[in-house]
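Following: one structure in structure tokens, then a few remarks.
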Ligand SMILES: [Ca+2]
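Residue numbers (this note's numbering): 433 to 620.
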């Protein structure tokens, strides 16, 4: 067999493998989350001398989030991520203006404002939320809605839908504009 044929064969197998992976496991091709996005701060004073403060914002979009714990809506407070520790006088790149309750809606609008095209995972909002108290995320980026430092995967059965479709990426799911993300926790 000529080198050309061998190379062609390798390329064909690689291409076939890619499509099989995409069909069987599309989530394995999901973008890598930018976990540091939860540290971003707009217009405020940051903890450290970096350039996170007054960067130009190029991306601004709004997924919506609803969290249900043991059958009850867990309220996402108004102004989550605004004027918080580490970003005094400013807003986190991921923040909330009005809670869903304030707008008389089940879902709370999440504002994502970033200087570049970033992969903003669901869990990064929980990191921001966690700085206001509970709920939060564990150090290894697992849900911790009761803020006890123990992964909720050990404590709850968790399910998630994105605009009505089941999703299994959970904390790592990269949010997009106008999606309705609903996460349900039921104590084991
Ligand atoms: Ca927990």
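Yeah, the Cβ is synthetic: ideal placement off N, Cα and C, and Gly gets one too. Given the structure is predicted, the values throughout are model-derived calculations rather than measurements.
Assigned exposure category for residue i - 16 Cβ within 10 Å defines buried
i, result
"residue 512", "buried"
"residue 472", "buried"
"residue 452", "exposed"
"residue 438", "exposed"
"residue 503", "exposed"
"residue 465", "buried"
"residue 442", "exposed"
Cβ-Cβ separation, residue j to residue i (assumed contact under 8 Å), whole Å
i, j, result
"residue 577", "residue 557", "About 12 Å; that fails the 8 Å criterion."
"residue 600", "residue 614", "About 14 Å separates the two Cβ atoms, so there is no contact after all."
"residue 573", "residue 603", "5 Å"
Cβ neighbours of residue i in the same chain (closer than 6 Å, five flanking residues each side left out)
i, result
"residue 580", "none"
"residue 522", "473, 474, 475 and 476"
"residue 470", "556, 559 and 560"
"residue 516", "563"
"residue 492", "545"
Three-way DSSP call (helix, strand, coil) for residue i in this model
i, result
"residue 497", "strand"
"residue 619", "strand"
"residue 502", "coil"
"residue 474", "strand"
"residue 613", "strand"
"residue 608", "coil"
Same chain, Cβ closer than 7 Å to residue i, five either side skipped, listed in chain order
i, result
"residue 588", "617, 618, 619 and 620"
"residue 501", "577 and 617"
Neighbourhood of residue i by C-beta, 8 Å cutoff - its chain only, sequence neighbours within 5 removed
i, result
"residue 489", "474, 545, 546 and 547"
"residue 535", "541"
"residue 538", "498, 505 and 532"
"residue 582", "570 and 576"
"residue 494", "541, 542, 543, 544, 609 and 610"
"residue 509", "528, 531 and 564"
"residue 562", "568, 569, 576 and 579"
* Where are the alpha helix (DSSP H) runs, 4 residues long or more, that stay fully inside the stretch 507-594, in chain order? -> Listed in chain order, they are 554-562.
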